[in-house]
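In my numbering, the protein residues as written are 782 to 927.
One structure below.
Here it is as C-alpha cells:
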C-alpha cells in the first residue's frame, strides 16, 4: 500500500506517508513531495513570523506615536500578536535567531501601515525600528509617547 497521489488529496497523502514512515517502509514513501512539504513548512513558519511581527510593530508604532488614540483594540492586538509570536517561537525555537532579520524585513511595511492608519506623516516614524527584539516580545513592555 503506497500513499495516495499528492496532487489528488494532500491530507490523505500526508496521513498515509506518516503511517509508512512509522512502519519503516521508506521504499513506499514519495520522497520528492515529502521534501517539498518539509521545505514548505519552514517557509510557512517564517511567513507567519514576518506577518505577526509586521502587525505587532505597526500597533506598537501607533501606540507610541498616537497616544491620544490608544484603544483597547490596539492593546488587544499587541497582546495577541505577542502571544502568538511567543507560541510560534516555543514550537519552533530555531526561528528565534531569525527574528532580528525578519524584524528588519517587516519594519518598513509596518511603518507604512502605521502612517496610513494614523494619517501621520511617514517622517513621524523612525526609518529603523525604535524597539528591540526583547521589547517587542516582552508582554510587559508598552512604549511611551515619543
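Note that CB positions come from ideal geometry on N, CA and C, so glycine has one too.
Item	Value
Quick one: what's got a C-beta closer than 8 angstroms to residue 896's C-beta in the same chain, skipping five residues either side?	902, 903, 905, 906
Determine whether the beta carbon atoms of residue 857 and residue 899 lie at a separation below 8 angstroms.	no
Helix or strand or just coil, what does DSSP make of residue 906?	coil
Taking Cβ positions, are residue 866 and residue 918 nearer each other than 8 angstroms?	yes
Measuring alpha carbon to alpha carbon, tell me which residue in 873, 863, 839 is nearest residue 909.	839
At a cut of 8 angstroms, does the region 802-813 reach the region 859-874 through at least three beta carbon pairs?	no
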